[in-house]
DNA sequence: AGTCTTGCATAAGAAAAACTCATCCCTGGG
DNA sequence: CCCAGGGATGAGTTTTTCTTATGCAAGACT
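Protein chains in written order, with our numbering: chain A, 1 to 313; chain B, 1001 to 1313.
So, in structure tokens, the structure goes:
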């Protein structure tokens, strides 16, 4: 995955200027001059080809599109700050740091984690749900990782949805997934009912960024084509959420039909919170893997977790 | 909120180098020379005072702390890329973009949103859950926003947990919150039972980054002091999650005791998924507010949403 | 109204950061 | 043992970013 990123310093200046709604104040926050801010903003506007501020006399105002992207921008800088903070603080005061995709964490890991915590009460856990743990098939890091500094206390393991080729890492396959459409049982039996995929034409499709990532873009479109009704159902309309968890929640609230990953939603299906009205399942190559560098795989905390996780599959 | 950020270009180079585990390949991806990569990494290492790569002959390896921060780093860059993408694509293909804190979205907004969608089926929604919608009391932007380009189609509204001082914005108070301890009912009645705050000394405390933000740091510590048992219970131990939703999930799975915001968890309490064993509630100044710039407040999509949201309170 | 003040824009030059080139060094493969 | 591959290093160059100085327009003040 190659990032196509804008000039990062200009972005940081923009964020400060947007926060203060003043180039001057932003400048003083950043310990630079007002002129420097003005330059940076201008270059960013030229780079983007979009006006970010409207200059109204002696004050500046954000354009609506600039304002709308601020939360995401803040989130981005916040993650970066957290990332470096994490490096600085080293041991992290935890024995085991688990990084996993949000849906996996909420629907699969959390219901089981209490059991692990009971068995290994001494292991201090840290669970980080990150939407970036989906990879195209293999990590881009093809080399054997060895010679890590073993004095460091914290051990990081990751759970990836990917193809399983992680050379240099110990990767244990947990389970494969398949994409299926889910809805509230009442909705499926309602009017119009959901009996076959073509019925989706009369229903609201719920989209989310996470599923786009798993499917490699246009998740619903692909699923519909897979079901043979790509032509008959418009995949573009419908509300869009930032996370699959929200889509599932929306589906259970009868807002529409969402895409979900089995077996993660099996408990929702069993409890009748959701139902899967169609047999059609799209099976991506990907599966969930527990991934960690070989060199830390035999630390007590890591191997205990690994052993436990595999016993849960 | 002032960000303390490292040299951003160096971070980007580091990410590429970590991905390839090769300075040479990273260099070619970034269209610069291997020497440039080497310099950047070195300067970042000096800035952080931490070794990021271990040089082992002709190959480089990540140190464990460097590797552990990668997911967060990727998440950061990804958000930045998404943010600028959003500016570029302008209208966003949606009529209404709602940005709200994750717990609010999952526990309050989603259960009600189906109703809104039914009433206003024409309004194309986009819901973005962002953990950065908590502010210290007021937005830092004190100016009246006017003269936005009204031709832009998408309207962005935000839901903030804050003090309600948003000059230039139309801010409608939704409801106040209070922090309370929650646990699984079985856990509370179990052995040792949870009868008064001091009993927490014998239980696992669940921490999360979101609650830290709300409380302004050391959430449990503050809550315990508020309950008068700051001395008797160790607030530092226990697993740590990246989101309050995960803490609540962990609590309901009997992993320990979490901090929660009322009234967001009221439905969990009503359904007996969770219980609030103590009367002690800590009431931060903050409340949830619907916030949007004055100038877009009267657009049809925005005013419909606003009216509906207020009717739900 | 006229004047002052405040804040952004702009141009030119200065400073700093980032990059390249040339070269060295080490390691592992043949 | 020698060679090739890949990273390190230092000097010098290019590019970016910043500052200083100044201009300009709008709101505040008298």
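Beta carbons are placed, not taken as given, at the ideal position from N, Cα and C, and that holds for glycine. Quick caveat, the model's predicted, so the values are computed rather than measured.
Residue-chain proximity (residue i, chain A), Cβ-Cβ < 8 Å
i	result
residue 1104 of chain B	no
residue 1050 of chain B	yes
residue 1002 of chain B	yes
residue 1080 of chain B	yes
residue 1125 of chain B	yes
residue 1189 of chain B	no
residue 1110 of chain B	yes
residue 1006 of chain B	yes
residue 1077 of chain B	yes
residue 1200 of chain B	no
residue 965 of chain B	As displayed, chain B neither begins before 1001 nor continues past 1313, which places residue 965 of chain B out of reach and without an answer.
residue 1290 of chain B	no
residue 1249 of chain B	yes
Spatial neighbours of residue i in its chain, beta-carbon cut-off 6 Å, leaving aside the 5 residues before and after
i	result
residue 1147 of chain B	Residue confidence for residue 1147 of chain B is low, a pLDDT of 44 falling below 50, so the modelled location carries little weight and cannot support an answer.
residue 99 of chain A	128, 130 and 158
residue 242 of chain A	209
residue 150 of chain A	The pLDDT assigned to residue 150 of chain A is 47, lower than 50, so where the model puts this residue is not dependable; a value taken from the coordinates is nonetheless given after this. Taken in chain order, the list of residues that qualify is empty.
residue 1282 of chain B	1179, 1223 and 1226
residue 308 of chain A	116
residue 1125 of chain B	1096
Residue-level contact to chain B via CB, residue i, 8 Å cutoff
i	result
residue 9 of chain A	yes
residue 178 of chain A	no
residue 297 of chain A	no
residue 282 of chain A	no
residue 164 of chain A	no
residue 69 of chain A	yes
residue 146 of chain A	Confidence at residue 146 of chain A is low in this model, with a pLDDT of 42, below 50, so the placement of that residue is unreliable and no value is reported for it.
residue 122 of chain A	no
residue 113 of chain A	yes
residue 84 of chain A	yes
residue 143 of chain A	At residue 143 of chain A, the pLDDT of 40 sits below 50, so the modelled position is not reliable; the number obtained from the coordinates is stated separately. At least one chain B Cβ lies under 8 Å of residue 143 of chain A.
residue 131 of chain A	yes
residue 140 of chain A	Bear in mind that a pLDDT of 44 at residue 140 of chain A, under 50, signals an unreliable position, so the number given afterwards is only what the model happens to contain. Yes - at least one Cβ of chain B is within 8 Å of the one on residue 140 of chain A.
residue 149 of chain A	At residue 149 of chain A the pLDDT is 47, less than 50, meaning the model places this residue with poor confidence and gives no usable figure here.
residue 12 of chain A	yes
residue 239 of chain A	yes
residue 186 of chain A	no
residue 217 of chain A	no
residue 195 of chain A	no
Beta-carbon gap between residue i and residue j smaller than 8 Å
i	j	result
residue 18 of chain A	residue 66 of chain A	yes
residue 1246 of chain B	residue 1208 of chain B	yes
residue 1062 of chain B	residue 1155 of chain B	no
residue 224 of chain A	residue 197 of chain A	yes
residue 190 of chain A	residue 1083 of chain B	no
residue 273 of chain A	residue 180 of chain A	no
residue 1269 of chain B	residue 1258 of chain B	no
residue 30 of chain A	residue 16 of chain A	yes
residue 1103 of chain B	residue 1244 of chain B	yes
residue 174 of chain A	residue 289 of chain A	yes
residue 1041 of chain B	residue 48 of chain A	no
residue 1132 of chain B	residue 12 of chain A	no
residue 287 of chain A	residue 177 of chain A	yes
8 Å Cβ shell around residue i - same chain, five flanking residues per side excluded
i	result
residue 1142 of chain B	Note that residue 1142 of chain B scores a pLDDT of 40, beneath 50, so its modelled location is shaky; the value from the coordinates is reported in the next line. So the list reads 1167 and 1168, once near-sequence residues are dropped.
Residue i: first and last residue of the uninterrupted beta strand (DSSP E) it sits in
i	result
residue 155 of chain A	155-162
residue 1178 of chain B	1178-1182
residue 208 of chain A	205-208
residue 1128 of chain B	1125-1129
residue 23 of chain A	Unbroken run through residue 23 of chain A is the alpha helix (DSSP H), 23-30; no beta strand (DSSP E).
residue 287 of chain A	287-293
Residue i - containing alpha helix (DSSP H), residue span
i	result
residue 87 of chain A	70-88
residue 251 of chain A	244-252
residue 1047 of chain B	1034-1048
residue 1198 of chain B	Run containing residue 1198 of chain B: none; DSSP gives neither H nor E here.
residue 309 of chain A	300-312
residue 1013 of chain B	1008-1020
Contacts around residue i, its chain only, beta-carbon distance under 7 Å, and the 5 residues preceding and following it disregarded
i	result
residue 1108 of chain B	1264
residue 1051 of chain B	1045 and 1063
residue 1238 of chain B	1204, 1205, 1206, 1207 and 1256
residue 27 of chain A	33, 34, 36 and 37
residue 1251 of chain B	1182, 1183, 1184, 1206, 1257, 1258 and 1274
request  = Ignoring anything shorter than 4 residues or poking outside the stretch 1090-1126 of chain B, list the alpha helix (DSSP H) runs there in chain order.
outcome  = Those alpha helix (DSSP H) runs which fall completely within the stretch 1090-1126 of chain B and span 4+ residues are 1110-1119.
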